[in-house]
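This report concerns only the one structure given below.
Protein chains: 2
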Amino acid sequence: MLARSMVFLFLCAVGLVAGAAADGTVSLSEGKKSARVCGSCHGPKGIARVESYPSLAGQSAQYLAKQLRAFRDGSRTDPQMSVLAKSLSDDEIVNVSAWYASLSSCK
Amino acid sequence: MLARSMVFLFLCAVGLVAGAAADGTVSLSEGKKSARVCGSCHGPKGIARVESYPSLAGQSAQYLAKQLRAFRDGSRTDPQMSVLAKSLSDDEIVNVSAWYASLSSCK
Numbered sequence: 001m002l003a004r005s006m007v008f009l010f011l012c013a014v015g016l017v018a019g020a021a022a023d024g025t026v027s028l029s030e031g032k033k034s035a036r037v038c039g040s041c042h043g044p045k046g047i048a049r050v051e052s053y054p055s056l057a058g059q060s061a062q063y064l065a066k067q068l069r070a071f072r073d074g075s076r077t078d079p080q081m082s083v084l085a086k087s088l089s090d091d092e093i094v095n096v097s098a099w100y101a102s103l104s105s106c107k
Numbered sequence: 001m002l003a004r005s006m007v008f009l010f011l012c013a014v015g016l017v018a019g020a021a022a023d024g025t026v027s028l029s030e031g032k033k034s035a036r037v038c039g040s041c042h043g044p045k046g047i048a049r050v051e052s053y054p055s056l057a058g059q060s061a062q063y064l065a066k067q068l069r070a071f072r073d074g075s076r077t078d079p080q081m082s083v084l085a086k087s088l089s090d091d092e093i094v095n096v097s098a099w100y101a102s103l104s105s106c107k
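For the record, the sequence lines run as chains W and V.
Each step along the first sequence adds one to the number in the numbering used here, with nothing skipped, and position 32 is 32.
Each step along the second sequence adds one to the number in the numbering used here, with nothing skipped, and position 76 is 76.
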């Protein structure tokens, strides 16, 4: 049981570090792809260049994913984000959130 | 008219740099005072230490103020922020937003 848990944790770690796409693991590379559409408002590296939008770089993946789910289910609304989030799958939300969390928050 | 505008701009600049409280000007020192209650979730310097909360340091004052007004008017909801924002005046929102915007976003 312990050995199985260790293997699972190892595979998760590989998925996180290498950004490899795999069911149930976080994929930074997939997150980076999904983030392309976000760059025009939130900046190509998650540092917003427009005053009215937030920077996402370095925010926790948990917080970002919660906001994306809120935009998707309508509990938080925004003219642009409400539309964009509607098309995101659970995996895409996890991956794109992990991608922004991995970026430096320094401007 | 031009001279009066110059004086107004100068006073605003003094207010911004020195953080002096004055009607209609931004006060970083007042913003810092209001931010005390925010520190337990968003960190004493605006860098959140809890995964479920966002870091505020270095976000634009415009974005932060918009979110605080949204929490205050109910268009954005959160169990804690909806309650906290209810008590904020327009000036307090401007000042506390300017305070967080003035802090370094680097962790």
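Don't be surprised by glycine CBs; every beta carbon is placed ideally from N, CA and C.
What you are looking at is a predicted structure, and each value in this text was computed from that prediction instead of being measured.
Neighbourhood of residue i by C-beta distance below 6 Å, restricted to the same chain and skipping five residues each side
i: residue 56 of chain W; result: 42, 46 and 100
i: residue 85 of chain W; result: 68, 71 and 72
i: residue 19 of chain W; result: With a pLDDT of only 37 at residue 19 of chain W, under 50, the local geometry of the prediction cannot be trusted, and the value read off the model is given with reservation. Counting only Cβ-Cβ distances below 6 Å, and skipping sequence neighbours, we find 27, 28 and 29.
Three-state secondary structure assigned by DSSP to residue i
i: residue 69 of chain V; result: helix
i: residue 61 of chain V; result: helix
i: residue 90 of chain W; result: helix
i: residue 107 of chain W; result: coil
i: residue 75 of chain W; result: coil
i: residue 45 of chain V; result: coil
i: residue 28 of chain W; result: helix
i: residue 53 of chain V; result: coil
Same chain only: Cβ atoms within 7 Å of residue i, ignoring 5 sequence neighbours per side
i: residue 32 of chain W; result: 99
i: residue 103 of chain V; result: 45, 46, 57 and 58
Within chain V, the residues that residue i reaches when beta carbons sit closer than 9 Å
i: residue 44 of chain W; result: None at all; the shortest Cβ gap to chain V is about 16 Å.
i: residue 60 of chain W; result: 48, 50, 51, 52, 53, 54 and 55
Contact set for residue i: own chain, Cβ-Cβ below 8 Å, skip 5 residues either direction
i: residue 60 of chain V; result: 101
i: residue 37 of chain W; result: 84
i: residue 54 of chain V; result: 42 and 48
i: residue 95 of chain W; result: 26, 27, 28, 30, 31 and 34
i: residue 87 of chain V; result: none
8 Å Cβ cutoff, residue i in contact with chain W
i: residue 72 of chain V; result: no
i: residue 55 of chain V; result: yes
i: residue 76 of chain V; result: yes
i: residue 86 of chain V; result: no
i: residue 21 of chain V; result: With a pLDDT of only 43 at residue 21 of chain V, under the threshold of 50, the placement of this residue in the model should not be trusted; the figure read from the coordinates follows. Chain W contact via Cβ: absent.
i: residue 120 of chain V; result: Summary: the structure shown does not reach residue 120 of chain V, with chain V confined to residues 1 through 107, and so no result is reported for it.
i: residue 34 of chain V; result: no
i: residue 63 of chain V; result: yes
i: residue 105 of chain V; result: yes
i: residue 97 of chain V; result: no
Closest residue to residue i among the options (Cα-Cα distance)
i: residue 34 of chain V; options: V:103, V:93 and V:81; result: V:93
i: residue 108 of chain V; options: W:38, W:52, W:49 and W:62; result: Only positions 1 to 107 of chain V appear in this structure, which leaves residue 108 of chain V out of reach.
i: residue 89 of chain V; options: V:77, V:72, V:82 and V:78; result: V:72
i: residue 26 of chain W; options: W:84, W:65 and W:52; result: W:65
i: residue 30 of chain V; options: V:84, V:54, V:97 and V:51; result: V:97
i: residue 106 of chain W; options: V:52, V:44 and V:58; result: V:58
i: residue 80 of chain V; options: V:52, V:91, V:103 and V:95; result: V:52
i: residue 82 of chain V; options: W:104, W:82 and W:76; result: W:76
Closer than 7 Å: residue i CB and nearest the ligand SAM heavy atom
i: residue 98 of chain W; result: Annotation note on the ligand SAM: not contained in the displayed structure, which lists no ligands.
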